[in-house]
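Colleague: Everything in the sequence shown is counted per the numbering used here, starting at 86 for the first residue and increasing by one. Glycine included, every Cβ here is placed at the ideal spot set by N, Cα and C.
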Amino acid sequence: MTRPTIRMCARCQRITEVPVLVYVVHAATGPGFNVYACPDCAPLYPPLPDALDILDAAQQPHSTDERPES
Ligand SMILES: [Zn+2]
Numbered sequence: 086m087t088r089p090t091i092r093m094c095a096r097c098q099r100i101t102e103v104p105v106l107v108y109v110v111h112a113a114t115g116p117g118f119n120v121y122a123c124p125d126c127a128p129l130y131p132p133l134p135d136a137l138d139i140l141d142a143a144q145q146p147h148s149t150d151e152r153p154e155s
C-alpha cells in the first residue's frame, strides 16, 4: 500500500499528510528541493518565484538548462 506522504507545511509548520507543492528550489549544481504547504495554506502562498523562470524560459526557449561551460 502507499504510505502517506508526511510533510511539514512551510507556512504554518503543521504536519500534513496531503502536502501541496508550492515552491521548487532549483540549485545551480545538484538536485534542488521542494517546499510543501498544507492544503489550507497552499492557496495563500505567495506566487512562486519560479514563475519568473518559467516566463524567462518561455521567452528564451534555449535557456532552460544551459550552464556556462567550465
Ligand atoms: Zn499550513
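I'd like the list of long-range same chain contacts for Pro124, defined as Cβ closer than 8 Å, with 5 residues on each side in sequence excluded.
Modeller: The residue you call residue 124 lines up with position 39 of the sequence shown. Hits under 8 Å: Thr101, Val103 and Val105.
Colleague: Ligand 1 heavy atoms versus the CB of Arg92: any closer than 7 Å?
Modeller: Against the sequence shown, residue 92 aligns to sequence position 7. Result no, Cβ not under 7 Å from ligand 1.
Colleague: Decide if Ala122 is buried, meaning its Cβ has at least 16 other Cβ atoms within 10 Å, or exposed.
Modeller: Counting from one through the sequence shown, the residue named residue 122 turns up at place 37. Buried: at least 16 other Cβ atoms inside 10 Å.
Colleague: Just how far apart, CA to CA, sit Val107 and Arg88?
Modeller: Residue 107 sits at position 22 when you count from the first residue of the sequence shown. Residue 88 sits at position 3 when you count from the first residue of the sequence shown. One C-alpha to the other measures close to 21 Å.
Colleague: I'd like the list of long-range same chain contacts for His111, defined as Cβ closer than 7 Å, with 5 residues on each side in sequence excluded.
Modeller: Within the sequence shown, residue 111 is the residue found at index 26, counting from 1. Answer for His111: Gly117, listed in chain order.
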